[in-house]
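Colleague: So that we are looking at the same thing, I have put the structure below in structure tokens.
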Amino acid sequence: MILIIKNDKKDEVGKLINWIKGRGLDVHMSEGENTTIVGLIGDTSKLDIDLISSLDIVEAVKRIQEPYKKANRKFHPADTVIDAGGVKIGGNNFILIAGPCSVESEEQIIEIAEAVKKSGAHLLRGGAFKPRTSPYAFQGMGAEGLELLKKAKKATGLGIVTEIMNINYLSLFQDVDIIQIGARNMQNFDLLKELGQSDKPVLLKRGLANTIEEWLMSAEYIMSKGNEKVILCERGIRTFEHFTRNTLDLSAIPIVKELTHLPVIVDPSHASGLSRLVPPMSLAAAAAGSDGLIIEVHNDPTKALCDGAQSIKPDIFDAIVKKVSVILPLVGKAFSK
Ligand code: PEP
Ligand code: MN
């Protein structure tokens with residue numbers, strides 16, 4: 006349930022909040038320029054809506070049907086803008102995250118970081134802990150990979166985005182700017198709850214076979230524990246189609262933007278699995294209103310230890326950035342500064 010407070014009565018909202026808390030409920034405040042909204046969290050079924058509507062301070066009362074509250078746009082009508090190491094994500098800002106699937110060596114990560122930075126990337130991606138389907142496949146460099154990411158950050162100034170698989174390693178992620186939760190962990194609720202207690206921005210990828218509502222409920226797990234810095238990432242879902250690795254659900258972007266105030270970006274690399282599809286799908290994602298892209302870029306995709314077939318070279322990334330810059334004004338966005 007949300008209460009819209011009369012503009013000239015917002016100074017009296019404190020008393021109302023105490024009254025609500027006295028009934029065992031929690032509140033979430035959203036103060037916009039013209040509206041103040043009090044979101045009620047908990048079991049509101051026993052509240053007398055007529056009584057609340059009749060209070061002088063209350064302009065309107067709305068019931069929220071959706072099971073996600075904090076992620077719901079009704080709770081928070083304005084777009085959320087998240088600061089990740091100085092980079093603004095959400096609102097009118099469009100961001101570019103680029104880098105290899107996995108960190109492989111110091112030379113590799115620094116060469117790629119320098120190249121993508123030159124083209125305008127805002128943040129560097131690179132996996133150190135990799136969730137591989139086969140236990141025999143390269144599992145990532147682990148803690149050493151994180152150290153190399155930090156070196157690349159120092160060398161280029163690009164903030165870093167990398168995946169966490171086990172909360173026991175959280176202390177290693179102190180210099181990471183955005184912690185990624187991979188598709189396979191989207192419903193690892195213990196991990197979500199733990200990250201909800203951190204103050205790091207979280208990139209929450211959509212699960213391989215999850216609905217939009219399940220994805221938003223996972224965001225809610227993080228937000229309900231106090232961390233509201235959640236960035237959603239559409240990375241393709243499983244369908245009957247096997248030509249592509251996954252099927253990019255572009256319609257999820259405008260839907261998610263309607264339902265939530267959180268930024269949503271697109272990963273065309275995992276969505277398609279084919280490097281030649283990355284440029285057209287990147288442009289389509291920008292045109293559909295996404296808040297950014299996360300793209301796998303490798304200096305030598307044929308030698309990549311992971312996801313080479315979907316990795317593009319730096320010159321292709323550069324061409325994508327130039328074309329995206331033409332699309333952004335059409336959707337009211339600009340590259341984040
Ligand atoms: C990745 O980003 O390299 C990755 C494993 O992504 P996803 O979780 O979307 O498969
Ligand atoms: Mn990958």
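Basically this note's numbering = 1-based index in the sequence shown + 5.
For every residue, glycine included, the Cβ atom is placed at its ideal position computed from N, Cα and C.
1. Can you say whether residue 165 is buried or exposed, counting buried as having 16 or more other CB atoms within 10 angstroms of its CB?
2. Can you tell me which of 8, 16, 38 and 39 puts its alpha carbon nearest to the alpha carbon of residue 25?
3. How is residue 144 classed by DSSP in three states: helix, strand or coil?
4. To which residues of the same chain is residue 228 closer than 8 angstroms at the C-beta, ignoring the five residues directly before and after it?
5. Please state if the CB of residue 324 and the CB of residue 333 are separated by a distance shorter than 7 angstroms.
6. Starting from the Cα of residue 128, find the closest Cα among 97, 109 and 208 and give me that residue.
7. Per DSSP, what kind of secondary structure is residue 133 in: helix, strand or coil?
8. What are the boundary residues of the alpha helix (DSSP H) that residue 118 is part of?
9. Counting Cβ pairs closer than 8 angstroms, one from the stretch 48-55 and one from the stretch 76-89, do we hit at least three?
10. Is there at least one non-hydrogen atom of the ligand MN closer than 6 angstroms to the beta-carbon of residue 238?
11. With a cut-off of 5 angstroms, give the chain-ordered residues whose Cβ is closer than this to any heavy atom of the ligand MN.
12. Could you check which residue in 188, 115 and 109 has the C-alpha nearest to that of residue 132?
13. So for residue 99, helix, strand or coil by DSSP?
14. Quick check on this structure: which residue in 218, 184, 253 and 214 has the alpha carbon closest to the alpha carbon of residue 204?
15. List the whole-angstrom C-beta distance separating residue 266 from residue 85, where the pair is believed to meet the contact cut-off of C-beta under 8 angstroms.
16. For a test of the three-state rule: what should DSSP assign to residue 202, helix, strand or coil?
17. Looking at the unbroken alpha helix (DSSP H) that takes in residue 26, where does it start and where does it end?
18. Beta strand (DSSP E) containing residue 35: first to last residue?
19. For residue 306 and residue 225, what's the separation of their Cα atoms in angstroms?
Modeller: Well, looking at it:
1. buried
2. 8
3. Three-state DSSP puts residue 144 in coil, outside helix and strand.
4. 75, 76, 201 and 235
5. Their beta carbons are not under 7 angstroms apart, which means residue 333 does not touch residue 324 by this criterion.
6. 208
7. coil
8. 111-124
9. no
10. no
11. 106 and 312
12. 109
13. strand
14. 184
15. 5 angstroms
16. coil
17. Following the DSSP letters along the chain, one finds residue 26 inside the alpha helix (DSSP H) bounded by residues 18-26.
18. Residue range 31-36 is occupied by the beta strand (DSSP E) that includes residue 35.
19. 36 angstroms
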